[in-house]
Amino acid sequence: ALQNRVRLQQRELQSVADHAPAILNRFDAGLRHIFVNRAIEAVTGCPPAEIVGKTLAELDVSESFRNLWESALRAVFQTGEPQQFEFTFDTPHGTGHFLTRLVGEQHDSRSIESVIGATIDVTERVRLEQALRTSNRDKDVFLATLAHELRNPLAVLRTSLTMLLAQAGLDGQTRALHA
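In this text, residue positions in the sequence shown follow my numbering: the first is 5, and each later residue adds one.
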């Protein structure tokens, strides 16, 4: 009866993980994937069964990607401090931008025995930030152009007013209006 309850709880936990929108994974001290949920397949094109048990070095990933992850994983194992980083990754649907948080798991001992990772897709946020930067740059160019274009006609008006004020025939009231 106890084994059935444990298996049921494991299936329920697996179901929750597999339906989570984030990529969830767990790494052992050898930096091997010991768990990956189904969300990884949408990003990599690989089912979890092809990833579990492998290190990043054993998977077809770029050296810079592998170095980023391995460095962060080692830092969690060594210090126990969570790590967070962003990266880009070529998915089957194009280049995506992702945010990962790695957290160490302590079991019976005080040392970190495994690291849990949660990765979310932030592609839309990055796209909106880039659009905002472009919009701000375009606004700045427009305002600089407008200021330049207005300066030229205003300079002519200012010169004309100065010349009018310099004429001797203006009475005090007219001179005060032009000042």
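For every residue, glycine included, the Cβ atom is placed at its ideal position computed from N, Cα and C. Every value quoted in this text rests on a predicted model; they were computed, and no experiment measured them.
According to DSSP, residue i sits in a beta bridge with which residue or residues?
{"i": "R105", "result": "Q88 and A122"}
{"i": "Q110", "result": "I116"}
{"i": "H37", "result": "F31"}
{"i": "F93", "result": "G100"}
{"i": "T59", "result": "R36"}
Check whether the Cβ atoms of residue i and residue j sit closer than 7 Å, and answer yes or no.
{"i": "R36", "j": "S118", "result": "no"}
{"i": "L103", "j": "E90", "result": "yes"}
{"i": "P96", "j": "G49", "result": "yes"}
{"i": "L28", "j": "N8", "result": "no"}
Which residue wins for smallest C-alpha separation from residue i, given the options the options?
{"i": "T123", "options": "V130, H101, R129 and E133", "result": "H101"}
{"i": "F39", "options": "G49, P25 and T59", "result": "T59"}
{"i": "D32", "options": "Q134, I120, N41 and N71", "result": "I120"}
{"i": "R131", "options": "T99, A5, L12 and E109", "result": "T99"}
{"i": "T92", "options": "E128, L12, L150 and A61", "result": "E128"}
Can you say whether residue i is buried or exposed, counting buried as having 16 or more other CB atoms within 10 angstroms of its CB?
{"i": "N140", "result": "exposed"}
{"i": "G187", "result": "Residue 187 falls outside the range modelled here, since the chain spans only 5 to 183, and no answer is possible."}
{"i": "V80", "result": "buried"}
{"i": "D94", "result": "exposed"}
{"i": "D125", "result": "buried"}
{"i": "P52", "result": "buried"}
Can you confirm whether residue i, when its beta carbon is compared against all beta carbons of chain C, has any partner nearer than 7 Å?
{"i": "R9", "result": "Of the protein chains in this structure there is only one, and it is not chain C."}
- Query: Are at least three pairs of beta-carbons, each pair with one atom in the stretch 42–54 and one in the stretch 67–79, less than 8 Å apart?
  - Reply: For the pair of segments examined, the stretch 42–54 was found not to touch the stretch 67–79: the number of CB pairs separated by less than 8 Å stays below three.
- Contact the stretch 54–68 vs the stretch 11–21: 3+ CB pairs below 8 Å: No: the two stretches stay apart, fewer than three of their Cβ pairs being nearer than 8 Å.
- Touch test, the stretch 84–91 against the stretch 100–114, Cβ-Cβ under 8 Å, three pairs minimum: Yes, they touch.
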